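Single-structure report; data block below.
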Amino acid sequence: MQGRELRGELDTFLAEREQELRAFRRDLHMHPELAFAEFRTTRRIAERLTVAGLFPSVLPRGTGLICEVGTGDGPTVALRADIDALPLIDEKDVPYRSTVSGACHACGHDVHTTILLGTALFLAQQADAGLLPGRVRLIFQPAEELPGGALEVMAHGGITGVDRVFGLHCDPRVDVGQVGLKTGPITSACDKVAIRVSGPGGHTSRPHLTADLVFALAKILTELPAALSRRVDPRSSLSVVWGRVEAGTAANAIPNDGVAEGTVRCLDENAWHAAPDLIKSLLESVAGAYGVEAAMEYTRGVPPVVNDDVSVQMLQEAALRALGESSVVPTQQSLGGEDFGWYLESVPGALARLGTRAPDSGVTYDLHQGTFDVDERAIGVGVRLMATTALTALWEGARPDDVTEPMAELI
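The opening position of the sequence shown corresponds to residue 0 in numbering that gives the first Met the number 0, with each subsequent residue numbered one higher.
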């Protein structure tokens, strides 16, 4: 299918379906569900896919599902959307405000889900017309915010046999109609670290007769991050930031235990893999100097999302064909975490940033805030991008190696 023909097909499809998709998004927004509790959301998606003649397979926990479009022998391209909400209060005064106390779609996952549903309906039409030279695997993933949903999908074969995987994420700093792309790392790794320090305790008048645990803990809090900055290439931005510290109950008593918890963030994949051993070594060194015992619990969160260059090129080609010449904008690497990175540890692919800000509005609704909302025109933009990306990847992946001519240009 030439570019101009695909664009016309998408115009017709969205003219018929865009209002339905907006209503679907608003329904999800009114009924948000937290990680691994997305039962209603999963049911609503599965019902609509089934009506379209597809065969969704719900994951064993009962939340999240996988569905394939097409039966061809060509390549398999996966498209992923996350479906969970955040434990926040919805602070917006809109008709589709959350009806669930303490839960809110404040990160745009309702938009991601709706876009993937719309893409599924369009691709199902293409498959019926014999225009898919391969398969598209739709991944409606639970529990991105936990995180852990990506690993659940992978544990049940969600990316087995997949040649390339794509996803997108709402970006309230980018205008509707534009897509932010970046080759290489686009998000940060994000892990959790908990440190427990123990000693014999004692009286504050005689710190020399015991181990001054609070002083030692304070040294760990300051010296460990400082030492990291001298042991790791600064371009990796490996950092520890503490969020909780607790020790003692009385002003005149040296406690016998204390705890510190924080996050470890890193922009570089190699430094991320080396981080646990390095932090443990530094911890033992600092703690040993003050005569206290220190134990570390390191919890892996997510690796950085590292976009494959070929996949980014496919996204760019798709955006130019589906959205126009001014649709692609550069984007920077974020320190936020995104479990899409787990897929890219095994399969080449890329994550795009979808503009959701109303142009010239002067208002930016930031992620993870109760006021977050989107310009709903982003839904149609996302469907155009994801559908065209899937078809671009299928057609280019299905070509013989010696065929190098580019796909037809848009008028």
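No residue lacks a Cβ here, since even glycine has one placed at the ideal position from N, Cα and C.
This one's a predicted model, so the numbers in the text were calculated from it and none came from an experiment.
Alpha-carbon spacing of residue i relative to residue j, whole angstroms
| i | j | result |
| --- | --- | --- |
| Pro405 | Arg352 | Confidence is the limiting factor: at Pro405 the pLDDT is only 41, short of 50, which leaves the residue's position unreliable, though a coordinate-based value still follows. Distance between the alpha carbons of Pro405 and Arg352: 25 Å. |
| Arg243 | Pro347 | 37 Å |
| Arg39 | Met385 | 24 Å |
| Leu393 | Leu122 | 12 Å |
| Leu409 | Val68 | Caution applies to Leu409, whose pLDDT of 30 falls short of 50 and renders its modelled position unreliable; the model cannot decide the point. |
| Leu116 | Gly129 | 20 Å |
| Thr98 | Asp81 | 20 Å |
| Gly157 | Thr70 | 17 Å |
| Arg134 | Gly73 | 7 Å |
| Ala412 | Phe23 | Look at the range of the chain in this structure, 0 to 410, and you will see that residue 412 is not part of it. |
| Lys261 | Val362 | The question names Lys, but residue 261 is Gly in the sequence shown. Going by the C-alpha atoms only, they are around 32 Å apart. |
| Ala491 | Phe214 | It is not possible to answer for residue 491, since the shown part of the chain is limited to 0 through 410. |
| Val373 | Val309 | 30 Å |
| Asp109 | Leu85 | 11 Å |
| Ala270 | Asn306 | 17 Å |
| Ala318 | Ala77 | 17 Å |
| Thr118 | Arg79 | 11 Å |
| Glu11 | Val50 | Just to set this straight, residue 11 is Thr in the shown sequence, not Glu. Cα to Cα, the separation comes out at about 20 Å. |
| Glu4 | Glu268 | 40 Å |
| Leu58 | Val311 | 29 Å |
| Asp170 | Asp211 | 47 Å |
| Leu27 | Tyr364 | 19 Å |
| Tyr366 | Arg25 | Residue identity differs from the one stated: residue 366 is Leu in this sequence, not Tyr. Taking the straight line from one Cα to the other gives about 17 Å. |
| Arg383 | Ile114 | 9 Å |
| Gly247 | Cys189 | 29 Å |
| Glu316 | Pro132 | 18 Å |
| Arg96 | Gly200 | 52 Å |
| Val402 | Thr391 | Its pLDDT being 38, under 50, Val402 is placed unreliably in this model, and the value from its coordinates should be taken loosely. In a straight line, the C-alpha of Val402 is about 15 Å away from that of Thr391. |
| Ser56 | Leu343 | 23 Å |
| His207 | Gly147 | 46 Å |
| Thr182 | Arg163 | 15 Å |
| Ala217 | Leu87 | 32 Å |
| Ser360 | Thr41 | 34 Å |
| Ala288 | Pro358 | 57 Å |
Cβ-Cβ distance between residue i and residue j below 8 Å
| i | j | result |
| --- | --- | --- |
| Leu180 | Thr330 | yes |
| Val192 | Val263 | yes |
| Leu282 | Ile194 | yes |
| Pro184 | Leu266 | yes |
| Arg6 | Arg320 | yes |
| Val291 | Ser197 | yes |
| Ala102 | Glu32 | yes |
| Val239 | Pro254 | no |
| Ala349 | Leu314 | yes |
| Glu337 | His168 | yes |
| Thr355 | Val178 | no |
| Gly369 | Ala105 | yes |
| Ala34 | Leu145 | yes |
| Ser187 | Gly335 | yes |
| Gly160 | Thr75 | yes |
| Trp241 | Pro302 | no |
| Phe339 | Gly166 | yes |
| Ala273 | Ile219 | no |
| Asp83 | Glu8 | no |
N- and C-terminal bounds of the alpha helix (DSSP H) containing residue i
| i | result |
| --- | --- |
| Ser413 | Any answer about residue 413 is impossible in this case: the structure gives the chain only from 0 up to 410. |
| Ile219 | 212–230 |
| Val113 | According to the sequence as given, residue 113 is Thr; it is not Val. Segment 108–127, the alpha helix (DSSP H) holding Thr113. |
| Val285 | 268–288 |
| Asp365 | Element bounds for Asp365: n/a, residue is neither H nor E. |
| Phe339 | 339–343 |
| Gly157 | Neither: Gly157 is in no alpha helix (DSSP H) and is coded neither H nor E. |
| Ile185 | No alpha helix (DSSP H) contains Ile185, which DSSP labels as neither H nor E. |
| Leu48 | 38–50 |
Span of the beta strand (DSSP E), counted from its first residue to its last, around residue i
| i | result |
| --- | --- |
| Lys191 | 188–197 |
| His168 | 163–174 |
| Tyr297 | 292–301 |
| Gly257 | 256–265 |
| Glu67 | 64–68 |
| Ala80 | 75–81 |
| Arg136 | 134–140 |
| Val309 | Note, Val309: premise wrong, no beta strand (DSSP E); alpha helix (DSSP H) at 308–322. |
8 Å Cβ cutoff, residue i in contact with chain D
| i | result |
| --- | --- |
| Leu390 | Any reference to chain D falls outside this structure, which holds one protein chain only. |
Sheet register partners of residue i (DSSP bridge)
| i | result |
| --- | --- |
| Ala252 | His202 |
| Arg356 | Asp174 |
| Pro329 | Leu180 |
| Asp56 | Checking the displayed sequence, the identity of residue 56 turns out to be Ser instead of Asp. DSSP lists Ile65 as partners of Ser56. |
| Glu245 | Val258 |
| Gly348 | Val164 |
Cβ-heavy atom distance, residue i to the ligand ATP, below 7 Å
| i | result |
| --- | --- |
| Ala357 | The ligand ATP is not part of the structure shown, which contains no ligands of any sort. |
Next on the checklist: Tell me whether the region 222–232 and the region 293–308 touch, counting them as touching only if at least three CB pairs, one residue from each stretch, are closer than 8 Å.
Outcome noted: In this structure the region 222–232 does not lie against the region 293–308, because fewer than three pairs of beta carbons, one per stretch, are closer than 8 Å.
Checklist entry - When the Cβ atoms of the region 320–336 are set against those of the region 59–70, are three or more pairs found closer than 8 Å? => result By the Cβ criterion, the region 320–336 is not in contact with the region 59–70, since fewer than three pairs of Cβ atoms, one from each stretch, lie closer than 8 Å.
Checklist entry - Can at least three beta-carbon pairs, one atom from the region 41–51 and one from the region 83–96, be found at a separation below 8 Å? => result Too few Cβ pairs lie closer than 8 Å, so no.
Checklist entry - Using 8 Å as the Cβ pair cut-off and three pairs as the minimum, do the region 129–144 and the region 266–277 touch? => result Short answer: they don't touch.
Item to check | Segment contact flag, the region 366–384 with the region 8–17, C-beta cutoff 8 Å, min 3 pairs | outcome: By the Cβ rule, the region 366–384 counts as touching the region 8–17, because three or more pairs are nearer than 8 Å.
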